[in-house]
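Student: Protein sequences appear in the order of chains R and G.
Here the working numbering is used: the first residue of the first sequence is 10, the next is one more, and so on.
Here the working numbering is used: the first residue of the second sequence is 10, the next is one more, and so on.
No residue lacks a Cβ here, since even glycine has one placed at the ideal position from N, Cα and C.
The model shown is predicted, which means the values in this text are computed figures rather than measured ones.
Number of protein chains: 2
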Amino acid sequence: MNVHEPERRLVTLSDVARAAGVGESTVSRVLRNQGSFSKRTQDRVAEAVARLGYVPNRLAGMLAGSGSTAGAKLVGIIIPSLTNIVFPDLLRGANAALDRDGFQSVIGVSDYDPEREEALIGALLSWRPAGLIVTGLEHTAGALARLRASGIRIVEMIDTDGDGLDIVVGFSNRGVGCDSARHLLARGYRRIGYVGHDITRDLRAAKRLAGFRETLRAAGHPLAETEIAPGPSSAAAGRAALGRLVARRPDLDAVYFSNDDMALGGYFHCLAEGVAVPGRLALFGFNALDIAAAMPQPLTTIRTPRLEIGAVAVERLAADGPAETVDLGYELIAGATA
Amino acid sequence: MNVHEPERRLVTLSDVARAAGVGESTVSRVLRNQGSFSKRTQDRVAEAVARLGYVPNRLAGMLAGSGSTAGAKLVGIIIPSLTNIVFPDLLRGANAALDRDGFQSVIGVSDYDPEREEALIGALLSWRPAGLIVTGLEHTAGALARLRASGIRIVEMIDTDGDGLDIVVGFSNRGVGCDSARHLLARGYRRIGYVGHDITRDLRAAKRLAGFRETLRAAGHPLAETEIAPGPSSAAAGRAALGRLVARRPDLDAVYFSNDDMALGGYFHCLAEGVAVPGRLALFGFNALDIAAAMPQPLTTIRTPRLEIGAVAVERLAADGPAETVDLGYELIAGATA
DNA sequence: AATCAGATTGGCAGCGCTGCCAAACCCTGT
DNA sequence: ACAGGGTTTGGCAGCGCTGCCAATCTGATT
């Protein structure tokens, strides 16, 4: 591009200062609207900025401002996946709060891999953010060490079942499992199965299952059977997995799914095979996706405060309160499938 | 946090140099694995880095390296929304390529608002990225000016119907509309309706509709009726909108949806109301979401190369080929609903 | 032992901005 | 005309790193 221009250096703050006939620090003050300056100066700077098309260099700004109060207006966010709409929702919630406070974010995706998460933590820390938002409470020893050594605020989001490093924002996944089980038991279901996706990677799903399983056992109706689909959760995986599960255990009267995607697939299986829902088989999901509410029979599921989690995470980062755990709870949506 | 430590300065490169007993530039070379150094030096540096827990400061690195070849390993990405799974998919595709080339990304979400996009362009440019990936070909005059003045590579993704600034990666949305219409006509449908979401904001959806409409008219079977749901696309919106459409025009034999989310909602409407698909009403979507393939009757739709678009966008940014348009095409998926 | 190309290394000047501080300026009131 | 307090301004030293270049070292060759 622009082969002709010999060496187009970008416009710098000192170019603006020269053009406006003022000092560099004056321009800096005007641009950040900080300190005092006269209206006349402000106008001259604004004019010069517009005329030259000046774009401030944040790298230089943050570097120079590091160590001071106003310094870092940046937060790093690490999520495990972009495939599941849940995580974009968290980002959305965070984004809104971020904008309001004038922050920017750098995002990393760990693919549910703890090693990769550790690497990402290093990468994001190298931007010298004001804080870091990570997913879940489980991290490698190396990751924990880096987080601690960073000296910045850390938010661990989504899960409150365990000890956090600093701030924790989420809900009890164990509790979700327990309440889901109680609901099914209360409705009279007794031969209950589980359809999930890879539990060794999605630790929150594993906690839900643990709570679910224990509640059933305590009630004297232990979990009858489980079917774990390989790979990430999806409607296709849920449909296939439910098919396998009922083939093996035709006597089941209810199935708990690792999330709504999987449950939706299960519902499709039932529609395709003419299995009456919930008469013959009840279905219970997790997450309360919009789509689950639009089904002919709204899915029975648990609504999680995804947007709020993102928003509160950012809010707590910006404030400087004490380390604490914020439980945002969840809500059981009694749909028509269980 | 850490009230006790008087003034914990973070470890810098020169601390590492001192600890390893070598010069700063040597440490820099070793860390970037660039230039030449002995094995012994490498080990000593690695040891010091590990011992001190050194985290490089990218801000300083990028600032110092600016203007040179290796400088900016950063790209900015602007997408209109995180609500629709399509955009996270683009990010996913981009992410993979980004990782491979050692790039990082900064992401902005415009909410389909051109003004906001312009502001985001400014914000992202202030990070001095090596390139910027934006969505679509339509931008405000101010945005175009900034992009041109930036002097960096620009990729406009998703849409190829129009002139790009530099690199364009996507497919023809007009073409999608045309081919969708042709498919419905070939299957014998004649009284065709359209269900969409806010067209004034989603310009790509508008282009698809335009192509669709023209093809129908040219064939002598003009679009019979349209129903536009307010707000963003969703299954719930699609379900409600199809309900309104068929109430108004019970004679329709096929409906084209702005995307799969809406179409899925339409399908739910048909299931709930006992409308035979495709016997009584045919449904046609767009995007080929995984979920649409898991339906009892797979949705007839158009598969778009979302992951590839993200990947190719990054690839072209990194390479320095000529300005050009890369058409990645699309594929009609003949499902069971049309 | 002297020579030379190539490998390895360190010093130091910026990159563009902000924080700090002293200087200049502007009003009052005397 | 001059002091006193606030307001506005400019100069300049870094922030932590990289690029450049000169210095040093290595081993092989003559």
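Please confirm whether L153 (chain G) has its beta-carbon closer than 7 Å to some beta-carbon of chain R.
Tutor: no
Student: Strictly below 8 Å CB to CB, what residues from chain R border R60 (chain G)?
Tutor: Going along chain R, no residue has its Cβ under 8 Å from R60 (chain G), so there is no contact; the nearest lies around 12 Å.
Student: Just curious, the beta strand (DSSP E) that T144 (chain R) is in, first and last residue?
Tutor: Element bounds for T144 (chain R): 140 to 144.
Student: Quick check on P307 (chain R) - is its C-beta less than 7 Å from some C-beta in chain G?
Tutor: no
Student: Any beta carbon from chain G within less than 7 Å of G330 (chain R)'s own beta carbon?
Tutor: no
Student: Check each candidate in G:R226, G:A154, G:R196, G:T235 and name the one with the smallest Cα separation from D207 (chain G).
Tutor: G:T235
Student: For R312 (chain G), list the residues DSSP reports as bridge partners.
Tutor: According to DSSP, which records beta bridges pairwise, R312 (chain G) is partnered with G:N296, G:E340.
Student: Over what stretch of residues does the beta strand (DSSP E) that includes Y203 (chain G) continue unbroken?
Tutor: 201 to 205
Student: Name the chain G residues whose beta carbon is nearer than 8 Å to that of N104 (chain R)?
Tutor: Chain-order list of chain G residues neighbouring N104 (chain R): L91, V118, by C-beta distance under 8 Å.
Student: Could you confirm whether any beta carbon from chain R is found closer than 7 Å to the beta carbon of L280 (chain G)?
Tutor: yes
Student: Opposite L83 (chain G) in the DSSP bridges: which residues?
Tutor: G:Q113
Student: Compare the C-beta of D24 (chain G) with all C-beta atoms of chain R and state if any pair is closer than 7 Å.
Tutor: no
Student: Tell me which residues share the same chain as A215 (chain R) and place their Cβ nearer than 8 Å to its Cβ, disregarding the 5 neighbours each side in the sequence.
Tutor: Same-chain partners within the cutoff: I208, T209.
Student: If you measure between the beta carbons of D336 (chain G) and T224 (chain G), is that distance less than 7 Å?
Tutor: For D336 (chain G) and T224 (chain G), no; Cβs fall outside 7 Å.
Student: Quick one: Cα of I87 (chain G) to Cα of G140 (chain G), how far?
Tutor: One C-alpha to the other measures close to 11 Å.
Student: Looking only at its chain, what residues have a beta carbon closer than 8 Å to the beta carbon of L91 (chain G), apart from the 5 residues adjacent to it on each side?
Tutor: The answer, listed in chain order, is P97, V118.
Student: Which residues of chain R have a Cβ atom closer than 8 Å to the Cβ of G131 (chain G), listed in chain order?
Tutor: Here the neighbours are V64.
Student: Would you call A5 (chain R) buried or exposed, if buried means 16 or more other Cβ atoms sit within 10 Å of its Cβ?
Tutor: Because chain R is modelled from 10 through 347, residue 5 (chain R) falls outside the range shown and cannot be assessed.
Student: Using a Cβ-Cβ distance cut-off of 7 Å, determine whether M166 (chain G) contacts chain R.
Tutor: no
Student: Is it the case that the segment 225 to 245 of chain R contacts the segment 259 to 269 of chain R, given that we only count it when at least three CB pairs across the two stretches are under 8 Å?
Tutor: yes
Student: Give the DSSP-derived three-state secondary structure of M10 (chain R) in the structure shown.
Tutor: Any answer about M10 (chain R) is weak, because its pLDDT of 41 lies below 50 and its placement is not dependable; what the coordinates show is given next. M10 (chain R) falls in the coil class under three-state DSSP.
Student: To the nearest angstrom, how far is it from the Cα of S34 (chain R) to the Cα of G70 (chain G)?
Tutor: 24 Å
Student: When DSSP builds the beta bridges, which residues end up paired with G179 (chain R)?
Tutor: R:I167, R:D336
Student: In angstroms, rounded to a whole number, what distance separates the CA positions of A345 (chain G) and Q306 (chain G)?
Tutor: 5 Å
Student: Taking CB distances under 7 Å as the criterion, tell me whether M271 (chain R) reaches chain G.
Tutor: no
Student: Using CA coordinates, which residue listed in G:L99, G:W136, G:H278, G:A26 is at the minimum distance from G9 (chain G)?
Tutor: Since the displayed chain G opens at 10 and closes at 347, residue 9 (chain G) lies outside it and no answer follows.
Student: Is the CB-CB distance between A332 (chain R) and D122 (chain R) below 7 Å?
Tutor: no
Student: Would you kindly report the start and end of the unbroken beta strand (DSSP E) that includes A263 (chain G)?
Tutor: That run of the beta strand (DSSP E) goes 263 to 266.
Student: If we ignore side chains and look at the alpha-carbon of each, how far apart do R101 (chain R) and W136 (chain G) end up?
Tutor: 21 Å
Student: Quick one: residues in its chain with C-beta nearer than 6 Å to the C-beta of I311 (chain R), no 5 flanking neighbours on either side, listed in chain order?
Tutor: V185, F295, Y339, L341
Student: Starting from E147 (chain R), follow the beta strand (DSSP E) in both directions and report where the run begins and ends.
Tutor: Unbroken run through E147 (chain R): none, as it is neither H nor E.
Student: What first and last residue would you give for the alpha helix (DSSP H) that runs through T50 (chain R)?
Tutor: 48 to 61
Student: Consider the Cβ of G173 (chain G): report whether some Cβ of chain R lies at a distance smaller than 7 Å.
Tutor: no
Student: Taking only beta-carbon atoms, is D294 (chain G) less than 7 Å away from chain R?
Tutor: Correcting the residue identity first, residue 294 (chain G) is Gly in this sequence and not Asp. So, not an interface residue.
Student: Got a sec: is the Cβ-Cβ distance from I311 (chain R) to anything in chain G below 7 Å?
Tutor: no
Student: Please decide whether I94 (chain G) counts as near chain R, where near means a Cβ-Cβ distance under 7 Å.
Tutor: Interface flag for I94 (chain G) against chain R is set, since a Cβ pair is found closer than 7 Å.
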